[in-house]
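Chemist:
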Amino acid sequence: MSQTDKLSLYRSGMGKYAQQDFEGARTDFEQALALDPEYGDVHHSLAHVLEKLDDLDGALTAAQRAVQLSPDEVLAHTSLSVIFMRKGMIPEAEQAKAHAAELQRRQDDA
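Sequential numbering from 75 applies to the sequence shown in my numbering.
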């Protein structure tokens, strides 16, 4: 499979997500990750899909991986904060939120 295939799967998954076909989006994102396990944007999107499917453990794992792969991505940290909050992990949520805010400040100052 090529780079184009993983991008096509990502785009397809995003379209399905927008149509609230969360299972279809999940399938596309998982196939994209099978082609490129280091595709941070897909991990981030998968976290949102899994959250919608009430798989908070899976969402947390995907969000943590997205942050690992894209440590300077504000939205990845923000999503991680939301998932921590939904799981009742308030100190972790506050820490992720603070990190996202700090990243945003740095980007604004750049």
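Ideal placement from N, C-alpha and C gives every residue a C-beta, glycine not left out.
Would a C-beta distance cut-off of 8 Å place Arg85 and Glu125 closer than the cut-off?
Modeler: Against a cut-off of 8 Å, the Cβ pair of Glu125 and Arg85 comes out as no contact.
Chemist: What first and last residue would you give for the alpha helix (DSSP H) that runs through Gln142?
Modeler: Note, Gln142: alpha helix (DSSP H), Leu130 to Leu143.
Chemist: For the alpha helix (DSSP H) containing Glu166, list its first residue and its last residue.
Modeler: Here the alpha helix (DSSP H) through Glu166 covers Ile164 to Asp183.
Chemist: Measuring alpha carbon to alpha carbon, tell me which of Val156, Thr78 and Leu143 ends up nearest Ala172.
Modeler: Nearest C-alpha to Ala172: Val156.
Chemist: Suppose you measure from the CA of Asp110 to the CA of Ala140; what does that come to, to the nearest Å?
Modeler: Spanning the two alpha carbons is a distance of roughly 13 Å.
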